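Going left to right, the sequence shown walks through residues -19 to 125 as my numbering numbers them.
No residue lacks a Cβ here, since even glycine has one placed at the ideal position from N, Cα and C.
Please read these numbers as outputs of a predicted model, since none were measured by experiment.
Here is the structure we will look at, set down as structure tokens.
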Amino acid sequence: MMNITATEFPGLFIMNPTVYNDDRGYFFESYRVEHFINAGLNLDFKQDNQSKSTKGVLRGLHYQLNHGQGKLVSCVMGEIMDVALDIRVGSPTFGKAFSKILNDLDHQAVYIPPGFAHGFCIVSDEAIFQYKCTEKYYPDDEYGI
């Protein structure tokens, strides 16, 4: 089960999974296509990425100009401050930034649609960051802010 909540940023959603804890640890569904379709997100993921970083590392803000990537992002270990900057010309939230703490305690995730510059900063001693992308990585099309 997953609760998907819209934000003030068109197309940007917060995912709150139902986490089942017991003496063995925990279990939750991090992605199930039907939940996303029911929220109006008919996505076709092309690539999964994972990075590990130490406290204070800042990654981003990155975007692909001609091959925009939607990203489903989460922190699987530790804690990060995630930031998405709306660079969609004509968007009602153009130029505004969305930020959210993501961690391995509540297991929230954020879906960031194409047209955002994205980055994150490590808050804990180290963190592992996971993200699914709707487009492949094109090094010649990557830009930063």
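{"Asked": "Are the stretch 112 to 122 and the stretch 34 to 53 touching by the rule of at least three beta carbon pairs closer than 8 angstroms?", "Found": "yes"}
{"Asked": "By the three-class DSSP mapping on this structure, what secondary structure does residue -17 have?", "Found": "strand"}
{"Asked": "For the beta strand (DSSP E) that contains residue 83, what are its first and last residues?", "Found": "77 to 83"}
{"Asked": "Does the Cβ of residue -9 have 16 or more other Cβ atoms within 10 Å, making it buried, or fewer, making it exposed?", "Found": "buried"}
{"Asked": "Residues in the same chain with beta-carbon distance under 8 angstroms from residue 12, minus the five sequence neighbours each way, listed in chain order, please.", "Found": "-18"}
{"Asked": "Please report the straight-line C-alpha distance between residue -13 and residue 31, rounded to a whole angstrom.", "Found": "26 angstroms"}
{"Asked": "Can you tell me which of 94, 2, 8, 79 puts its alpha carbon nearest to the alpha carbon of residue 126?", "Found": "No answer is possible for residue 126: it lies beyond the span of the chain, which begins at -19 and ends at 125."}
{"Asked": "Using a Cβ-Cβ cutoff of less than 6 angstroms, which residues in the same chain neighbour residue -2 once the five nearest sequence positions on both sides are dropped?", "Found": "-19"}
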